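Trainee: Those protein sequence lines, which keep their order, are chains A and B. Just so we're aligned: the first sequence equals residues -12 to 151 in this note's numbering. Just so we're aligned: the second sequence equals residues 237 to 792 in this note's numbering. Using N, Cα and C, we set each Cβ at its ideal position, and we do this for glycine too. In this text the structure is predicted, and so the values were computed from the model without any measurement. One structure is given below, represented as structure tokens, and several questions about it will come after.
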Amino acid sequence: MKNITIILLYTIILTILSCNSSKNKLSEINLQSSQNNITASITCNPLDSFTLIFAIENHTNQSIGLGAGLSADNHDIVIHYPNGILYKLPTGSTGRRIKLEAGEAYSYPDWVFGHAIIINPNIDSRDINNFKTGIYHITWKNERLGFSTSYDYYFDYLKVIDRL
Amino acid sequence: MQKTNKLLTLLLLIFCCLSYQKAWSQIENENQNSEDDERLELVFACDPLLTIHPNDADFMSTSPAGLPNNNIGKMLIWRKPGDNNYHTPYQEFTPVYDSNPEPYGVVRIEVKFTSESDQPVYFKVIDFDDESPYETSTDPIDNEELISAQIGLIAQNMNAQIASETLTVTATGPAIVKTAIVYLRMTKRYSGDNYKVLASLNSGLVDTGLPYPSDEEIVETSNLVAWKRAYIDYRPMYTEGTYVRHIGINDAPNILRVNNVEGFAEGDNIIVFNPDYVEIAAKIEENGIDVANRKLTLDTDIPNLQAFDGVRMKIDPPLPPPPVYANLGFENRLKDAFGFFGNGNDASFDEYLGTLPNPDGVPDDNNVASGGAFVEFNFSDGSAIPLFDHVITISPPAFEIDNFSRHWAPKNEDGLHLNGNSIFTVFYGGSLCNVLDCDSGQSMSSENWSTILNGKNNFFTNNQVINTFVHELGHQFGIGLADNQDDHTDVGGYSGMIRCNDQSARCIMSYKDPAESPHHYLYNSAEFDTHHLNPTPDNAVEESCIGDIRAAFWPN
């Protein structure tokens, strides 16, 4: 009986130790701590409603690495055209990187967003029906960084084209 | 009595040597695959003249003069279809079927010996110790992919064969020389995994219940190391001209909205060209340059014009050709980083690099002994693309370089990007600057293209450009994707210095502020880190940049 008790105790201790010994990789730790602590916003330039500012704020207690451009980091940016077309901007590239310290914010370069609407390689760029004047809904998500936001962009082809 | 013994010994020796000579000439005649007499060294005894291939003499060197054979043991685990230029005649791949489009690299193992009758030959594959200088573990079991039903010895090179660690094959042959053939099917993912195949006529090699054969009874292949072969389609930018930045709906078909009108004059003859090799000659009309709106008006309509098509001057004689890759000198830098010698120990290659004039003309003291990631590159010169030039103080639109590169990267008939067979398109030239900084490169690993910028007309240093080749190609092998450790090794949560492979400099993927210590592009060498957060000793090779490259899935 005494032996059985010892074996049971030994088994329990081993189980506890094995649970505590499971380690997270650094990337997993980053991911967990960053959930809901990194926020993103899309705003328009107050001096120019056609120009958007995409920004990220780091509210975690550690620095994070970011691509200097929006084509990095597997951002999920989708433009919802009024005629139903969905255009997912091709992200996933690796270019210049920046380090965003805890508490810091980063604004991507100003972007006359109508350019992204016009440059869509999946549509006929000479068909005016693809560029109706109106609201183009933009969604911006990033699963790894843990944020999601959106913006309604007013687009008027004739007013934007000569800005580009 | 003593004299008789000596006489008998002498007679036996003469008989042995005569048998050796006869048998060997027969082996020579039968062996169509190797011509080098160095293999004589592998014959350990007069009887039964057991030899095995591939051995070191079966690999063809491509080393510079004065260096040892760099291709010993180099076995490809990937190459593009149709490329049968191997390092040894004993290289094969598994047959490709629709259901098996990604073949395994295979080594044909041949054993020959002299015998009056057919005999069984016993084969055994072992996980040989990784000889890379950074792999310091003394445990020889260090392959990422262990012997399994897929990886190991097979009797025939057929997909359905189940692999095993040992195999017995009866050697046959019409005359005194008998031959036994087996195949080693290797990993198709992990470059750097290595194997040796042992063979013996003594069954103790494979039967643990019997005494193990003596060294003289065993022959072994070279250290057979899995290497990835990748291909670079080098596409330089023209040094003059521009590209179409977008199409205006209401524009007449002879209007081009270009990125830059500088350098053009009214009346100039130009060529508009696209990725399908269509070239249209035109002339810029009088008053045909609108500087404010960056428009060119031509005397000819341009049908099917698309954003990012190219525009260049039509000059007679033509513009000087853009630089070819051979003039840039980045091949040795790629070998420095990705590997040179088959076994992964590049010490003597690093020493050799130290004797060469380096691109910046200053002494080269950074080529300390190191190892590679077991990837070799083949190069080809592709057609030139338009100049991507952004030296203006206004940032270009987001995604501009991505859209430009994507437009010029090769596509298949469906307009989808060719993505596979480890063929990478590398664009070179131009500039991408904003008010603060200039970029040096950009890569899209899902589409297999990298764009290396030289700041337009080489205002970046040579080392910066050459090391950017290494850096950007590193991204093609999984470094920097979301599931990698720390992306550029030191941009994320870690603030220490990430040492590279040879410990003398930063990892080529690092991003540290140059003010803290020299940036990687200032070095006359390029190496990846071998341990995550190197030099922290507890972190494994698997989590480093070199680990990422070695583990990159193929076809890439």
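1. Run through chain B and tell me which residues come within less than 8 angstroms of H62 (chain A), C-beta to C-beta.
2. Could you list which residues in chain B have their beta carbon closer than 9 angstroms to that of G90 (chain A), in chain order?
3. Could you list which residues in chain B have their beta carbon closer than 7 angstroms to that of G121 (chain A), in chain order?
4. Nearest-angstrom Cα distance between A416 (chain B) and H643 (chain B)?
5. Locate the beta strand (DSSP E) running through C31 (chain A), then write down its first and last residues.
6. With 8 angstroms as the threshold, decide whether the Cβ of Y194 (chain A) is near any Cβ in chain B.
7. What separation, rounded to the nearest whole angstrom, lies between the Cα atoms of A517 (chain B) and V65 (chain A)?
8. Whose CA, out of B:N568, B:K316, B:H767 and B:T697, lies closest to the CA of Y588 (chain B)?
9. Is it the case that the segment 37 to 54 of chain A contacts the segment 115 to 124 of chain A, given that we only count it when at least three CB pairs across the two stretches are under 8 angstroms?
10. At the level of alpha carbons, what is the spacing between F585 (chain B) and V357 (chain B)?
11. Give me whichever residues DSSP pairs with T812 (chain B) in a beta bridge.
12. Would the beta-carbon of N135 (chain A) fall within 8 angstroms of that of S679 (chain B)?
13. Which residue's Cα is closest to the Cα of P376 (chain B): B:Y757, B:K432 and B:L437?
14. Any chance you could list the beta strand (DSSP E) runs of at least 3 consecutive residues sitting entirely within the segment 370 to 433 of chain B, in chain order?
15. For G318 (chain B) versus F329 (chain B), is the C-beta spacing smaller than 8 angstroms?
16. Using DSSP with H/G/I as helix, E/B as strand and the rest coil, what is D469 (chain B)?
17. Kindly list, in the order they appear in chain A, the residues whose Cβ is closer than 7 angstroms to that of I483 (chain B).
18. Identify, in the order they occur along the chain, each residue of the same chain with its Cβ nearer than 7 angstroms to the Cβ of R425 (chain B), setting aside the five sequence neighbours on each side.
19. Going along the chain, which residues of its own chain have a beta-carbon closer than 6 angstroms to the beta-carbon of K75 (chain A), five neighbours each way excluded?
20. Closer than 7 angstroms between beta carbons: that is the criterion. Which residues of the segment 482 to 503 of chain B meet it against chain A?
21. Taking H626 (chain B) and S667 (chain B) to be in contact with their CB atoms under 8 angstroms, please state how far apart those CB atoms are, rounded to whole angstroms.
22. For the alpha helix (DSSP H) that L589 (chain B) lies in, which residues bound it at each end?
23. Pull the bridge partners of I64 (chain A) from the DSSP assignment, please.
24. How about the segment 516 to 531 of chain B and the segment 501 to 508 of chain B: do they share at least three Cβ pairs that are nearer than 8 angstroms?
25. With burial defined as no fewer than 16 other Cβ atoms inside 10 Å of the residue's Cβ, what is the status of P33 (chain A): buried or exposed?
26. What is the rounded straight-line gap between the Cα of Q397 (chain B) and the Cα of N657 (chain B)?
27. Return the Cβ separation of Q327 (chain B) and V343 (chain B) in integer angstroms, given the expectation that the two are a contact with Cβ distance under 8 angstroms.
28. Among B:P284, B:S761 and B:E649, which residue has its Cα nearest to the Cα of E452 (chain B)?
29. DSSP three-state call for H323 (chain B): helix, strand or coil?
30. Is it true that the CB of N703 (chain B) sits closer than 8 angstroms to the CB of E367 (chain B)?
31. Identify whether A573 (chain B) lies in helix, strand or coil by the three-state DSSP scheme.
32. Which residues in chain B sit within 8 angstroms of Y155 (chain A), going by Cβ to Cβ distance?
33. For A605 (chain B) and T374 (chain B), I'd like the C-alpha separation in whole angstroms.
34. Would you mind giving the Cβ-Cβ distance between G575 (chain B) and V611 (chain B), rounded to the nearest angstrom? I have them listed as a contact below 8 angstroms.
35. Looking only at its chain, what residues have a beta carbon closer than 6 angstroms to the beta carbon of T402 (chain B), apart from the 5 residues adjacent to it on each side?
36. So the alpha helix (DSSP H) N815 (chain B) belongs to, where does it begin and stop?
Mentor: By the coordinates alone:
1. The contacting residues do not exist; H62 (chain A) stays about 10 angstroms from chain B at best.
2. In chain order: nothing, as chain B lies at least about 14 angstroms away.
3. The premise fails here: G121 (chain A) is roughly 16 angstroms from chain B at the closest Cβ pair, so nothing lies under 7 angstroms.
4. 53 angstroms
5. I25 to N32
6. An answer regarding residue 194 (chain A) cannot be provided, because it is not within the stretch -12 to 151 covered by chain A.
7. 38 angstroms
8. B:N568
9. no
10. 38 angstroms
11. Residue 812 (chain B) is absent from the structure shown; chain B starts at 237 and stops at 792.
12. Here residue 135 (chain A) is Ser; the residue named in the question, Asn, does not match the sequence. Cβ distance not < 8 angstroms, so S135 (chain A) and S679 (chain B) don't count as in contact.
13. B:K432
14. 388 to 390, 402 to 407 and 413 to 421
15. no
16. strand
17. S112 and R113
18. E381, A787, F789 and W790
19. V65
20. H482, I483, G484 and I485
21. 6 angstroms
22. A583 to L589
23. A:W127
24. yes
25. exposed
26. 25 angstroms
27. 7 angstroms
28. B:P284
29. coil
30. no
31. helix
32. Nothing can be reported for residue 155 (chain A): it is not among the residues displayed for chain A, which extend from -12 to 151.
33. 19 angstroms
34. 6 angstroms
35. K360 and V442
36. Absent from the model: residue 815 (chain B). The displayed extent of chain B is 237 to 792, so no value can be given.
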